[in-house]
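Asks: One structure, as structure tokens, below. Some questions next.
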Amino acid sequence: MEPTYSAEAEAYREKIQAFLAEHLPLDWKGIGALPGPEAVAFRNEWRALLAEHRLLAASWPAEYGGGGLTPLEQVVLVEEFYKAGVPAGADHDVFGIQMVGNTILQWGTDEQKAQFLPRIISGEDLWCQGYSEPNAGSDLGNLGCRAELDGDEWVINGQKIWTSAGQTANWIFVLARTDADAPKHKGISFLLVPMDQPGVEVRPIKMITGDSEFNETFFTDARCPKENVVGGVNNGWGVAMTLLSYERGEAAATFPITFRAELDRLTELAREKGVADDPLIRQRLAWCHSKVEIMRYLGMRTLTKFVNGDHPGPDASIFKLYWSEYHRKVTELAVDILGPDAMIPSGRWPSNAFQTDDVGAPNDSASWVGTFLVARAGTIYAGTSQVQRNILGEMVLGLPKEPAGVKGTWRELQQVRA
Ligand SMILES: Cc1cc2nc3c(=O)[nH]c(=O)nc-3n(C[C@H](O)[C@H](O)[C@H](O)COP(=O)(O)OP(=O)(O)OC[C@H]3O[C@@H](n4cnc5c(N)ncnc54)[C@H](O)[C@@H]3O)c2cc1C
357 MEPTYSAEAE
367 AYREKIQAFL
377 AEHLPLDWKG
387 IGALPGPEAV
397 AFRNEWRALL
407 AEHRLLAASW
417 PAEYGGGGLT
427 PLEQVVLVEE
437 FYKAGVPAGA
447 DHDVFGIQMV
457 GNTILQWGTD
467 EQKAQFLPRI
477 ISGEDLWCQG
487 YSEPNAGSDL
497 GNLGCRAELD
507 GDEWVINGQK
517 IWTSAGQTAN
527 WIFVLARTDA
537 DAPKHKGISF
547 LLVPMDQPGV
557 EVRPIKMITG
567 DSEFNETFFT
577 DARCPKENVV
587 GGVNNGWGVA
597 MTLLSYERGE
607 AAATFPITFR
617 AELDRLTELA
627 REKGVADDPL
637 IRQRLAWCHS
647 KVEIMRYLGM
657 RTLTKFVNGD
667 HPGPDASIFK
677 LYWSEYHRKV
687 TELAVDILGP
697 DAMIPSGRWP
707 SNAFQTDDVG
717 APNDSASWVG
727 TFLVARAGTI
737 YAGTSQVQRN
747 ILGEMVLGLP
757 KEPAGVKGTW
767 RELQQVRA
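Right, here's the structure in full:
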């Protein structure tokens, strides 16, 4: 089955193809084919070019630096970019554009939109996400990092953990407890906090790959202006959930393309290693093929809702659960195909910290082993698989809810825990 797009959308596709033909070299194979430093330089230059042509945050209104595209044009844009193996933005844009930017557009005041959105597009502000804490991961509503008003400023004290890209960001969106005497989901506010101040300390955490892409973040009397609360004081839970649905939902257009490219590369690896005729390997490759095809159909379903003007809701969990569980399996197959080579990985390591390697990446053992390792994280970040299943069971299928546990204010619950 191939979806048909409207004539206007196809006309826009031709425009994007012409843009790519104009700006990419003739022998372009995808950003993954570039050596590390060249890929970094390309990514930065490409981002600046996209901003100049209003193709970053392409669906945002023009007054905030966006392109004012329709949802379908935006889908066509990312499809063409991913097919060509060029990024739709820089790594930070996941936090800046996709998460906090889209959320400010939906919940923010006019002043917040005017202040923050253009600076995200210009790249002056690099964002990271301050949600998780040592005692608040899946049970995010238990968070204890607190913010108190002192005159015209919020004063923030507490700790966040697993702050991806915190080492390079200059802003962090923080979920903070602003009323400890309300029920746990009701006393939370969503704050926009500058990181370049003495009260914010970022300590790197070393990952299994050897990189340090995420961090612990400590707040000691850190401050932000009173107006930097999004969606109203003590109303942060709804804002936080909007942001999570953007984090889980926007991959529907791109992942079927990147996972297809990855599987094609794996099939090639099986040929190179002489195991493409092994019946057990073939069976596992066929299983992967069927999964990627189903992912494509799931993506189309999500996109159909999206182009009809629906925001991603709890059913975004279907896609998140599906791709992250699949990615563990396909990368385990890659390691089995590599055999002993996986023990001594060589060549280029993946350039993409938490996803498939980039389109055009060489079939090096280091690329596959690195991707195998980061695929373990996919079923944890943006909500674990168990949590996605709970959401689907309770909010999509309408099954009975988990037992509610002890009732009371957040402060009373801490006393019960202690
Ligand atoms: C690579 C990576 C990047 C991340 N980046 C960020 C970031 O930038 N900012 C940020 O704030 N956070 C980030 N996180 C944190 C992530 O959101 C949390 O790890 C995740 O929400 C799980 O929380 P936890 O680690 O505390 O595990 P826990 O919540 O302690 O869960 C432990 C286990 O118990 C299971 N479990 C928990 N509750 C239930 C339940 N009710 N029913 C069934 N099973 C349950 C879980 O599924 C899991 O298997 C990142 C995590 C990773 C791995």
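Note that the sequence shown covers residues 357 to 774 in my numbering. Positions of the beta carbon are idealized from the N, C-alpha and C atoms, including for glycine.
For a minimum of 3 consecutive residues, which ranges assigned as the beta strand (DSSP E) are wholly contained in the segment 597-625?
Replies: none
Asks: Note the first and the last residue of the continuous alpha helix (DSSP H) segment covering Thr305.
Replies: Here the chain covers residues 357 to 774 and nothing more, so residue 305 does not appear.
Asks: Verify whether the separation of the beta carbon atoms of Tyr737 and Ser601 is less than 9 Å.
Replies: Position 381 of the sequence shown, counting from 1, holds the residue named residue 737. Position 245 of the sequence shown, counting from 1, holds the residue named residue 601. Note that the C-beta distance between Tyr737 and Ser601 is not below 9 Å.
Asks: Is Leu753 buried or exposed, if buried means 16 or more other CB atoms sit within 10 Å of its CB?
Replies: Here residue 753 refers to the residue found at position 397 when the sequence shown is read from its first residue. Counting C-beta atoms within 10 angstroms of its own C-beta, Leu753 has fewer than 16 neighbours from the protein chains shown and is therefore classed as exposed.
Asks: What residue from Ala722, Thr465 and Phe710 has the CA that sits closest to Leu694's CA?
Replies: As a working mapping, residue 694 is identified with position 338 in the sequence shown. The shortest Cα separation from Leu694 among Ala722, Thr465 and Phe710 belongs to Ala722.
Asks: My guess is that Cys484 and Ile453 are in contact by the Cβ rule of under 8 Å, so how many angstroms apart are they, rounded?
Replies: Here residue 484 refers to the residue found at position 128 when the sequence shown is read from its first residue. Here residue 453 refers to the residue found at position 97 when the sequence shown is read from its first residue. Contact flag wrong, Cβ pair sits at about 13 Å.
Asks: Return yes when the C-beta of Glu758 is under 8 Å from any heavy atom of ligand 2, and no when it is not.
Replies: Absence of ligand 2 from the depicted structure is noted, with ligand 1 being the only ligands included.
Asks: Please report the distance separating the alpha-carbon of Leu411 from that of Glu394.
Replies: Working through the sequence shown from its first residue, we reach residue 411 at position 55. Working through the sequence shown from its first residue, we reach residue 394 at position 38. Cα to Cα, the separation comes out at about 22 Å.
Asks: Is Leu729 near ligand 1, in the sense that its beta carbon is under 8 Å from a heavy atom of that ligand?
Replies: By 1-based counting over the sequence shown, the position of residue 729 is 373. No, ligand 1 has no heavy atom inside 8 Å of this Cβ.
Asks: Quick check: what's the CA-CA separation for Ala632 versus Lys661?
Replies: As a first step, residue 632 must be located in the sequence shown, where it is residue number 276. As a first step, residue 661 must be located in the sequence shown, where it is residue number 305. Their Cα atoms are separated by approximately 39 Å.
Asks: Apply the 10 Å Cβ neighbour rule to Asn491 and answer buried if 16 or more other Cβ atoms are within range, or exposed otherwise.
Replies: To locate residue 491, count along the sequence shown from 1; it is residue 135. Answer is exposed; the Cβ neighbour count stays below 16.
Asks: Considering only the alpha carbon of each residue, which of Ser362, Gly423, Glu370 and Val442 lies closest to Ala397?
Replies: By one-based count along the sequence shown, residue 397 stands at place 41. Looking at the Cα atoms, Val442 is the closest of the given residues.
Asks: Using beta carbons (cut-off 9 Å, strictly below), is Arg616 in contact with chain D?
Replies: In the structure shown, chain D does not exist; there is a single protein chain.
Asks: Counting pairs of Cβ atoms below 8 Å between the segment 471-479 and the segment 560-572, do you hit three or more?
Replies: no
Asks: Output the boundary residues of the beta strand (DSSP E) element that contains Gly486.
Replies: Taking the first residue of the sequence shown as position 1, residue 486 is located at position 130. Gly486 -> beta strand (DSSP E) spans Trp483 to Gly486.
Asks: Taking the alpha-carbon of Ile387 as reference, which of Pro759, Asp466, Ser680 and Pro718 has the nearest alpha-carbon?
Replies: Along the sequence shown, one-based indexing puts residue 387 at 31. Cα-wise, what sits closest to Ile387 is Pro718.
Asks: Return the chain-ordered list of same chain residues with a C-beta closer than 7 Å to the C-beta of Asp447, the five sequence neighbours on each side being excluded.
Replies: In the sequence shown, counting from the first residue as 1, residue 447 sits at position 91. Correct list, in chain order: Ala521.
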